[in-house]
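Peer 1: Residues 1 to 195 in the UniProt record's numbering are what the sequence shown lists, from first letter to last. Glycine is no exception: its CB is placed at the ideal position from the N, C-alpha and C atoms. Quantities reported herein were computed from a predicted structural model and do not represent experimental measurements.
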Amino acid sequence: HFFLKLEEFHDLYLNVICCWQLCLNFIVFFEDPNFKGLSYETSCDCPTLHAQFRRCNSIRVEAGCWVLYERPNYMGYQYILTPGEYPDYQHWMGFNDSIRSCRCVYGKVYKIRLYEKPDFGGKMVEHGEDCPSVQEAFKLHEIHSCIVLDGAWAFYNESNYKGRQYFLERGEYRQHEAWGATSPAVGSFRRITKF
1 HFFLKLEEFH DLYLNVICCW QLCLNFIVFF EDPNFKGLSY ETSCDCPTLH AQFRRCNSIR
61 VEAGCWVLYE RPNYMGYQYI LTPGEYPDYQ HWMGFNDSIR SCRCVYGKVY KIRLYEKPDF
121 GGKMVEHGED CPSVQEAFKL HEIHSCIVLD GAWAFYNESN YKGRQYFLER GEYRQHEAWG
181 ATSPAVGSFR RITKF
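This is the structure in structure tokens:
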């Protein structure tokens with residue numbers, strides 16, 4: 001038989017959880033293009049990255065799905081990355097080399113409600129699949145509010161998953177500003193499924 005003191009069990013438990021998270025999520029940021037220069041790796045959410053590197057010109061996503069933000073505290077332009085290599089910021093559709101925060105995406109079940117007016121008003125559509133054209137699928141020109149019931153989603157301001165990206169996770173978004181958009185134009189959306 002094997003007995004552990006409570007504090008030993010707690011330390012063992014934390015190590016197992018840390019290793020488990022590392023297997024699910026892992027990203028490496030590089031200051032220079034083509035995976036050169038100073039690097040920083042993480043396996044968890046980071047509300048501020050400015051102390052780790054000055055600029056970000058390439059990224060290697062080893063595991064998990066990530067949302068990167070141009071500014072600290074999950075603000076500014078958003079970039080959604082799945083496992084793979086991104087040798088320069090154009091490969092993740094970046095506008096510049098500024099990445100100041102990041103977070104992991106979790107979820108396996110998907111359901112979202114879309115509303116044509118703010119505060120969940122007007123026509124409502126419930127959906128659980130990717131949608132390359134909001135206009136063709138639902139005859140909606142704009143989405144002013146939504147409720148993410150399950151999963152993580154990406155909105156794009158143009159059809160066919162092009163243009164500005166917006167990350168949405170479980171919760172209520174009473175107006176388009178709540179997901180970081182400057183207008184209610186949503187041309188397409190999809191589930192974030194590659195973890």
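Can you give me the Cβ contacts of residue 125 inside the same chain, cut-off strictly under 6 angstroms, excluding the 5 residues immediately before and after it?
Peer 2: Excluding sequence neighbours, residue 125 sits near 114 and 138.
Peer 1: Around the C-beta of residue 168, are 16 or more other C-beta atoms found within 10 angstroms, so that it is buried, or is it exposed?
Peer 2: Burial call: buried.
Peer 1: To which residues does DSSP link residue 239 through a beta bridge?
Peer 2: Outside the modelled stretch of the chain, which goes from 1 to 195, sits residue 239, for which no answer is possible.
Peer 1: Is it buried or exposed, residue 200, if we count other Cβ atoms within 10 angstroms and call 16 or more buried?
Peer 2: Since the first residue shown for the chain is 1 and the last is 195, residue 200 is missing from the structure and cannot be characterised.
Peer 1: Measure the C-alpha to C-alpha separation of residue 180 and residue 145 and round it to an integer number of angstroms.
Peer 2: Using only the alpha carbons, I get a separation of about 12 angstroms.
Peer 1: Roughly how far, in whole angstroms, is the beta-carbon of residue 203 from the beta-carbon of residue 97, given that I think they are within contact range, below 8 angstroms?
Peer 2: Because the chain here runs from 1 to 195, residue 203 falls outside it and cannot be looked at.
Peer 1: Note down, in chain order, each residue of its chain lying with its Cβ closer than 7 angstroms to the Cβ of residue 34, except the 5 sequence neighbours on either side.
Peer 2: Once the five neighbours on either side are set aside, the close Cβ partners of residue 34 are 58 and 87.
Peer 1: CB residue 25 to CB residue 102, shorter than 8 angstroms?
Peer 2: No.
Peer 1: Does DSSP put residue 148 in a helix, a strand or coil?
Peer 2: Reduced to three states, the DSSP call for residue 148 is strand.
Peer 1: Starting from the C-beta of residue 120, find all residues in its chain whose C-beta is less than 6 angstroms away, skip the five residues before and the five after it, and write them out in chain order.
Peer 2: Excluding sequence neighbours, residue 120 sits near 145.
Peer 1: Identify every residue that forms a DSSP beta bridge with residue 165.
Peer 2: Bridge partners of residue 165: 78 and 156.
Peer 1: Cutting at 6 angstroms between CB atoms, please list the residues of its own chain near residue 64, excluding the five before and the five after it.
Peer 2: Answer for residue 64: 24, 25, 104 and 195, listed in chain order.
Peer 1: Which residue comes first and which comes last in the alpha helix (DSSP H) that contains residue 134?
Peer 2: 134-138 is the span of the alpha helix (DSSP H), which, as asked, contains residue 134.
Peer 1: What number of angstroms, rounded off, separates the C-alpha of residue 108 from the C-alpha of residue 129?
Peer 2: Cα to Cα, the separation comes out at about 12 angstroms.
Peer 1: For residue 141, which of helix, strand or coil comes out of DSSP?
Peer 2: Of the three classes helix, strand and coil, the one that applies to residue 141 here is coil, per DSSP.
Peer 1: Between which two residues does the beta strand (DSSP E) carrying residue 115 extend?
Peer 2: Unbroken beta strand (DSSP E) run through residue 115: 111-117.
Peer 1: Whose C-alpha, out of 76, 39, 78 and 147, is nearest the C-alpha of residue 60?
Peer 2: When each option's Cα is compared against that of residue 60, the closest is 39.
Peer 1: Just curious, the beta strand (DSSP E) that residue 30 is in, first and last residue?
Peer 2: Run containing residue 30: 26-32, per the beta strand (DSSP E) assignment.
Peer 1: Can you tell me whether residue 106 is helix, strand or coil according to DSSP?
Peer 2: Here residue 106 sits in coil by DSSP.
Peer 1: With H, G and I counted as helix, E and B as strand and the rest as coil, what does DSSP make of residue 127?
Peer 2: Looking at residue 127 - three-state DSSP - the assignment turns out to be strand.
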